[in-house]
Amino acid sequence: MDLLSKGKYETLKDVEVVWQLPAAGAAAAKGVVFLAHGCSHGAVDFWPKSAGCPQCTGLPEEMNITLHVLTRGYAAVAISSYDRRMSRCWQNMWGSRDEILNSASDQADFTRVETALKALLARERLEAAPLFAFGASSGGGFVLGLPPVMPGVFSGVAAQIMGGAPKHFEAYERARETDSVVSHWPPTALVHMPRDGHIGTLVGMNLQELKALKIPHLEIQIPPQPLTPLYMVQRCAPEVDEATSKAIYEALKAADYLDAEGFLRHNPRLAPDWRLILQRANVPGVTSGKLRLEPDLSPLAEELNHLYGAHEISSESTTDLLDWWEASLAAIPADMRAVGIHGEQVETVRR
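If you're matching positions, the sequence shown starts at 1 in the numbering used here and goes up one per residue.
What follows is the structure in structure tokens.
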């Protein structure tokens, strides 16, 4: 995790941004990955606290995604939604292209993201670099809504634990047929947890649509996983050490919170008594307050949600996703590729 200690926090055009270049620098970067958080979260979750980002809160799945991105030679840029006081979700992008464009304002998330990315990538000389977008939950819906209002910008998008509106991709193709948009829809990955049947149904509809339109697409499923004695230290170090990881496992096992194979019997969000179980078992760090246990701030809560496999951001698919994005980009003729942050010019809209 030493690589993540170089994350940089700043406010660009009143937008909260945390970013980092790969070790080889901007000139050698393969591209840029924009990271969009879920509800109740922010850009600060993707990096640990450091001198460059004292505001960072560092959650395990988000940080592991960032680590994969940087290790593969990409610049990572996380941006926070406009709403920092209530749900902290992204704006709803389920609407026609004209409706979303006409909502452009200083508060509209797509306007803020575009403005911040243009400022940062111009300054760091990454304007022409391939730009990819990854989002989870609300962030997943948000990134699926970006290509219609930022055509020609993204070389690939990935939505995790979220799908796009029905007929969303067909509407984009109709815009291309009428010459209001020239750029092709970017290769699209949909990553979901089969335990969430509602999102699974939506993703299934999206996949059928993408296939019918011959848009490059990828489905990745993330199934439930068992808790093991060393799982938490492997995911949550240094906040969780080996002894604490084993104690967490033993406490949940003794309380029958796990089945015989280590799978969680209950959805941790709906059965939050796991915190009380750990307290009663005197798990190191729980009673002292060393371990964060608050919803949306707790590494343990995130990892238990991840293991249950219903609705949680996951780093499991990051390598497969990056592999697929790279292969998809290589398969697109050079004159048909997205051109980076400046993209295709769109009609002037009301501000």
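Quick reminder that beta carbons are idealized off the backbone N, C-alpha and C, glycines included. Remember, it's a predicted structure, so these values are computed and weren't measured experimentally.
Euclidean distance between Cα positions of residue 350 and residue 33: For residue 350, the predicted structure reports a pLDDT of 33, less than 50, and the residue's modelled location is therefore unreliable. A value from the coordinates is still provided. Residue 350 and residue 33: Cα-Cα distance of roughly 29 Å.
Can you confirm whether the segment 75-91 touches the segment 252-269 when touching is taken to mean that 3 or more C-beta pairs between the two stretches lie within less than 8 Å? The answer is no - the segment 75-91 does not touch the segment 252-269, with fewer than three Cβ pairs under 8 Å.
Supposed contact pair residue 137 and residue 161 - C-beta distance, whole angstroms, cut 8 Å: 5 Å
Count the other CB atoms, across all protein chains shown, that sit within 10 Å of the CB of residue 182; report buried if there are 16 or more and exposed otherwise. By the neighbour-count definition (other C-beta atoms within 10 Å, threshold 16), residue 182 is an exposed residue.
Residue 252, enclosing alpha helix (DSSP H) - first and last residue: From DSSP, the alpha helix (DSSP H) with residue 252 extends over 242-254.
Taking just the CA atoms, how far does residue 104 sit from residue 348? Since pLDDT at residue 348 reaches only 41, below the 50 mark, its modelled position is unreliable, and the value read off the structure follows with that caveat. One C-alpha to the other measures close to 10 Å.
Would DSSP call residue 279 helix, strand or coil? helix
Name the DSSP beta bridge partners of residue 199, please? Paired residue(s): none; residue 199 is not in a bridge.
Mind checking residue 206: buried by the 16 CB within 10 Å criterion, or exposed? Buried, since its Cβ has 16 or more Cβ neighbours within 10 Å.
Rounded to a whole number of angstroms, what is the C-alpha to C-alpha distance between residue 24 and residue 5? 15 Å
How would you label residue 65, buried or exposed, when you count the other beta carbons within 10 angstroms and need 16 or more for buried? buried
Taking residue 231 as the reference, which of 280, 178, 168, 302 has the closest Cα? 302
Please name the residue or residues paired with residue 221 in a DSSP beta bridge. 192
Could you give the DSSP three-state label for residue 312: helix, strand or coil? coil
In terms of alpha-carbon separation, which member of 156, 31, 113 lies closest to residue 128? 31
Extract the residue ranges of the alpha helix (DSSP H) inside the segment 43-84, only unbroken runs of 4 or more that lie entirely within it. 60-71
Rounded to the nearest angstrom, what separates residue 201 and residue 164 at their Cα positions? Those two C-alpha atoms are separated by around 11 Å.
If we require 4 or more residues per run, which alpha helix (DSSP H) segments fall completely within the segment 87-167? 97-101, 109-123, 138-144, 146-149
Three-pair Cβ contact test at 8 Å for the segment 314-331 versus the segment 187-199: yes
Put residue 171 into one of helix, strand or coil per three-state DSSP. helix
Quick one: what does DSSP say residue 299 is sitting in, helix, strand or coil? It is helical.
Going by alpha carbons, who is nearest to residue 90 out of 245, 168, 37? 37
Which one or two residues does DSSP pair with residue 19 in a beta bridge? Looking at the DSSP output, residue 19 shares a beta bridge with 8, 77.
Between which two residues does the alpha helix (DSSP H) carrying residue 182 extend? Where residue 182 is concerned, there is no enclosing alpha helix (DSSP H), given that its DSSP letter is neither H nor E.
Considering Cα atoms alone, identify which of 343, 339, 336, 249 is closest to residue 300. 249
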